[in-house]
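Residue numbers (the working numbering), protein chains in the order written: chain A, 1 to 142; chain B, 143 to 284.
Ideal Cβ positions, reconstructed from N, Cα and C, are used throughout, including at glycine.
These figures come from a predicted structure and were not determined experimentally.
In what follows, a structure is listed as structure tokens, so that the remarks can point back to it.
There are 2 protein chains.
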Amino acid sequence: MDKSILFTKCVSLITSVHRVTHKLTKNSKSDSITPIQYKILEYITVSQPVTPSEISDCQHISMPNTSRELKKISEKNLIEKISDPADRRKQFIRLTEQGEAMMSESFKSLESLFLTRIQNASKEDLQDIEHAMDILQTKVFY
Amino acid sequence: MDKSILFTKCVSLITSVHRVTHKLTKNSKSDSITPIQYKILEYITVSQPVTPSEISDCQHISMPNTSRELKKISEKNLIEKISDPADRRKQFIRLTEQGEAMMSESFKSLESLFLTRIQNASKEDLQDIEHAMDILQTKVFY
DNA sequence: TGATTTTGTTATCAATTGATAAGTAAAAGA
DNA sequence: TCTTTTACTTATCAATTGATAACAAAATCA
Chain A
1 MDKSILFTKC VSLITSVHRV THKLTKNSKS DSITPIQYKI LEYITVSQPV
51 TPSEISDCQH ISMPNTSREL KKISEKNLIE KISDPADRRK QFIRLTEQGE
101 AMMSESFKSL ESLFLTRIQN ASKEDLQDIE HAMDILQTKV FY
Chain B
143 MDKSILFTKC VSLITSVHRV THKLTKNSKS DSITPIQYKI LEYITVSQPV
193 TPSEISDCQH ISMPNTSREL KKISEKNLIE KISDPADRRK QFIRLTEQGE
243 AMMSESFKSL ESLFLTRIQN ASKEDLQDIE HAMDILQTKV FY
């Protein structure tokens with residue numbers, strides 16, 4: 001196995017992912033949301049419930065800045081903070097119904113593109129794609 | 143096959159790709175280069191020679207801001223501006239030798255970080271990963 | 001218990017980035 | 001020729017984002 005070729009494929013895939021999803025991040029200008037707030041909301045959407053520390057670590061935003069942005073998002077009623085009864089220092093962040101609605105709306109154009117692309121895929125293709133996503137998620141892009 | 147679950151996995155993977163890429167490019171960035179300057183340099187690298195207008199259009203940066211950043215990058219001796227003899231309003235932007243060296247170094251360190259990440263993968267894993275990348279590249283992110 | 005670590009907040013300042021107005025020089029068009 | 005358009009620059013202000021210090025409360029540890 002030539003790992004150099006594998007790296008080239010990886011770069012190619014990354015570029016494609018960026019290109020295909022550019023529309024998603026671009027259309028996310030949903031009024032009062034800044035890019036970093038969208039990024040945080042995106043992470044919360046796929047990982048909820050999450051703690052502020054996890055957001056800080058995974059999105060490479062300092063804790064004070066994470067706290068500031070979470071406060072702003074919270075004031076827009078897009079997320080809610082639930083304190084952990086087992087450890088009262090911790091907070092679990094979740095999307096509110098309004099937040100879910102906004103992110104779902106935001107993902108819609110991407111989803112329709114995605115569904116269009118896989119609409120003609122066979123059952124075997126779909127299983128291949130799912131397996132491929134699992135592989136890359138766990139082994140490369142973790 | 144629930145296509146909705148498949149889409150969720152897709153979003154999750156996209157998010158991870160963004161996060162990992164950000165981490166990798168962050169590590170490879172030179173100290174004196176800001177994120178937007180890196181983005182511009184990356185575009186110049188794969189598309190040179192380019193004009194400021196093309197950079198502005200393709201990277202969605204306004205002309206005044208593009209001009210400002212190009213000036214800064216130029217002052218760091220990473221690019222050079224060559225005016226088009228056929229149309230003296232136009233400029234062709236190219237990487238200088240120093241700029242080429244920097245981007246090449248940056249690409250190399252990106253690769254080494256990728257290799258580190260897959261270094262413990264078995265031969266079967268590597269084949270799985272390659273196959274997964276091919277699948278997603280051809281069926282979803284084309 | 002008392003010291004230390006973890007988790008998160010508030011406040012503040014600097015740097016980066018975005019947006020807009022105004023201007024220059026060259027090319028294109030009437 | 002003279003007007004308009006194109007390509008780019010300069011200047012300026014506002015918003016976003018990054019970085020750091022100081023703090024509080026709860027958990028852990030010794």
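Chain B residues whose Cβ lies nearer than 8 Å to that of residue i
{"i": "A/Ser53", "result": "Correct list: empty, because the minimum Cβ distance to chain B is about 16 Å."}
Chain-ordered neighbours of residue i on chain A, where CB pairs are closer than 9 Å
{"i": "B/Ser158", "result": "Val46, Leu136, Gln137, Val140, Phe141 and Tyr142"}
{"i": "B/Met245", "result": "The premise fails here: B/Met245 is roughly 13 Å from chain A at the closest Cβ pair, so nothing lies under 9 Å."}
Paired residues, beta bridge with residue i - DSSP
{"i": "B/Ser225", "result": "B/Gln233"}
{"i": "A/Val11", "result": "Paired residues: none, contrary to the question."}
{"i": "A/Val157", "result": "Absent from the structure is residue 157 of chain A, since the part of chain A shown begins at 1 and ends at 142."}
{"i": "A/Val50", "result": "A/Ile93"}
Contacts of residue i in chain A (Cβ-Cβ under 7 Å)
{"i": "B/Val153", "result": "Val46 and Phe107"}
{"i": "B/Glu272", "result": "Leu6 and Lys9"}
Residue burial classification, residue i (beta-carbon count within 10 angstroms, cutoff 16)
{"i": "A/Thr138", "result": "exposed"}
{"i": "A/Ser28", "result": "In this predicted model, A/Ser28 has a pLDDT of only 49, less than 50, meaning its place in the structure is not dependable; the value taken from the coordinates is given anyway. The residue in question, A/Ser28, is buried, as its Cβ has 16 or more Cβ neighbours within 10 Å."}
{"i": "B/Met205", "result": "exposed"}
{"i": "B/Tyr284", "result": "exposed"}
{"i": "A/Pro52", "result": "buried"}
{"i": "B/Cys200", "result": "exposed"}
{"i": "A/Thr116", "result": "exposed"}
{"i": "A/Gln119", "result": "exposed"}
{"i": "A/Glu42", "result": "buried"}
{"i": "B/Ala228", "result": "exposed"}
{"i": "B/Ala243", "result": "exposed"}
{"i": "B/Thr176", "result": "exposed"}
{"i": "A/Met103", "result": "buried"}
{"i": "A/Ser12", "result": "exposed"}
{"i": "A/Thr45", "result": "buried"}
{"i": "A/Thr21", "result": "buried"}
{"i": "A/Glu97", "result": "exposed"}
{"i": "B/His160", "result": "buried"}
{"i": "B/Thr208", "result": "buried"}
{"i": "B/Gln179", "result": "buried"}
{"i": "B/Ser198", "result": "buried"}
{"i": "A/Ile82", "result": "exposed"}
{"i": "B/Thr157", "result": "buried"}
{"i": "A/Lys90", "result": "exposed"}
{"i": "A/Lys39", "result": "buried"}
{"i": "B/Glu287", "result": "For residue 287 of chain B there is no data in the structure shown, the boundaries of chain B being 143 and 284."}
{"i": "A/Ala5", "result": "Sequence check: residue 5 of chain A is Ile here, not Ala. Burial call: exposed."}
{"i": "B/Ser189", "result": "exposed"}
{"i": "A/Cys10", "result": "buried"}
{"i": "B/Ser248", "result": "buried"}
Within chain A, the residues that residue i reaches when beta carbons sit closer than 8 Å
{"i": "B/Lys145", "result": "Leu115, Ile118 and Leu126"}
Beta-carbon neighbours of residue i, restricted to chain B and to distances below 9 Å
{"i": "A/Met63", "result": "Those do not exist, as A/Met63 stays about 17 Å from chain B at its closest Cβ, beyond 9 Å."}
{"i": "A/Ile38", "result": "Rather than Ile, the amino acid found at residue 38 of chain A in this sequence is Tyr. Under the 9 Å cutoff, chain B gives no residues; its nearest Cβ is about 11 Å from A/Tyr38."}
Partner residues on chain B for residue i, Cβ-Cβ distance less than 7 Å
{"i": "A/Glu42", "result": "Thr157"}
Heavy atom of the ligand SAH within 7 Å of residue i beta-carbon
{"i": "A/Gln59", "result": "The ligand SAH is absent from the structure shown, which contains no ligand whatsoever."}
Going along the region 253 to 270 of chain B in order, which residues come within less than 8 Å of chain A, judged by CB to CB distance?
Glu253, Phe256, Leu257, Arg259, Ile260, Ala263, Lys265, Asp267, Leu268, Gln269 and Asp270
Residues of the region 78 to 104 of chain A in Cβ contact with chain B at a cutoff of 8 Å, in chain order, please.
none
Is the region 266 to 280 of chain B touching the region 123 to 135 of chain A in the sense that three or more CB pairs, one from each, lie closer than 8 Å?
yes
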